[in-house]
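Q: Just passing along the structure, written as structure tokens.
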């Protein structure tokens with residue numbers, strides 16, 4: 266009987282020890298699994314927080330690319346006059362090429378093809394025999410465009426601002442004169458202003474002492 270009782274006690278101890286062992290193993294697995302999940306969560310959090318930083322860098326790069334783009338108005342003796350966008354560092358020759366090249370009447374001897382372009386520049390290509398003054402100008406700087414201006418304004422090189430400074434010429438008529446010059450070439454005389462839409466003989470007589478053709 267004593268042997269049977271001892272065996273029963275040993276069995277209980279063995280069962281208890283086994284249960285404790287399983288509990289320890291279970292807790293160990295739980296801690297290990299929880300630790301790995303925490304590390305995984307931290308890694309995912311770091312990855313998520315890094316993505317916006319990359320997006321911000323890309324946005325900054327795009328902003329820099331936009332900032333270095335040049336917008337140039339090409340007009341005069343050119344095949345396809347108009348406003349063009351070019352890369353920073355472009356030269357006059359690049360703008361002329363993008364505008365289709367010069368016409369047969371263009372006087373390229375007075376044009377500096379190597380001159381760097383600036384944003385907002387108006388590039389005017391003269392015809393042969395035309396005075397080269399004002400071949401290139403900054404339309405976004407009226408003060409510089411009109412600086413040193415004395416006597417009549419040259420119809421073939423005048424800017425929008427200079428034309429608007431004339432008596433009897435407002436923004437609409439100034440724009441019409443520039444459009445006529447771009448479409449039909451330089452004026453050969455002041456009297457040709459009557460061919461401009463919105464300008465009659467009375468206005469021409471009023472402008473005769475204010476403008477000239479070179």
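Residue numbers (the numbering used here): 266 to 479.
By construction, the Cβ of each residue, glycine as well, lies at the ideal position given by its N, Cα and C atoms.
Please read all numbers here as calculations on a predicted model, not as lab measurements.
1) Return the CA-CA distance between residue 355 and residue 470, expressed in angstroms with no decimal places.
2) Looking at the structure shown, is residue 376 part of a helix, part of a strand, or coil, going by DSSP?
3) Where do the N-terminal and C-terminal ends of the beta strand (DSSP E) with residue 337 fall, by residue?
4) Looking only at its own chain, which residues have a Cβ that is under 8 Å from the Cβ of residue 464, when we skip the five neighbours before and after it?
5) With DSSP as the reference, label residue 391 as helix, strand or coil.
6) Pairs of beta-carbons, one from the stretch 416–432 and one from the stretch 371–379, closer than 8 Å: are there three or more?
7) Mapping the DSSP letters down to three states, classify residue 447 as helix, strand or coil.
8) Is residue 357 helix, strand or coil when you go by DSSP?
9) For residue 392 versus residue 342, is the C-beta distance shorter than 7 Å?
10) Buried or exposed: where does residue 280 fall if 16 or more other Cβ atoms within 10 Å of its Cβ makes it buried?
11) Comparing C-alpha positions only, which one of 432, 474, 383, 450 sits nearest to residue 350?
A: Taking the definition as stated:
1) If you number the chain shown from 1, residue 355 lands on position 90. If you number the chain shown from 1, residue 470 lands on position 205. C-alpha separation (whole angstroms): 43 Å.
2) Position 111 of the chain shown, counted from the first residue, corresponds to residue 376. DSSP places residue 376 in the coil class of the three-state scheme, outside both helix and strand.
3) Locating residue 337 in the chain shown gives position 72, counting from the first residue. Per DSSP, residue 337 belongs to the beta strand (DSSP E) from 334–341.
4) Counted from its first residue, the chain shown places residue 464 at position 199. Hits under 8 Å: 438, 441, 442, 458.
5) Taking the chain shown and counting its residues from 1, the one referred to as residue 391 is at position 126. If DSSP states are grouped into helix, strand and coil, residue 391 belongs with coil.
6) Result no; under three Cβ-Cβ pairs closer than 8 Å.
7) If you number the chain shown from 1, residue 447 lands on position 182. In the structure shown, the three-state DSSP call for residue 447 is helix.
8) By one-based count along the chain shown, residue 357 stands at place 92. Correct three-state label for residue 357: helix.
9) To locate residue 392, count along the chain shown from 1; it is residue 127. To locate residue 342, count along the chain shown from 1; it is residue 77. Against a cut-off of 7 Å, the Cβ pair of residue 342 and residue 392 comes out as a contact.
10) To locate residue 280, count along the chain shown from 1; it is residue 15. That one is exposed.
11) For the purposes of this step, residue 350 is taken as the residue at position 85 of the chain shown. Measuring from the Cα of residue 350, the nearest candidate turns out to be 383.
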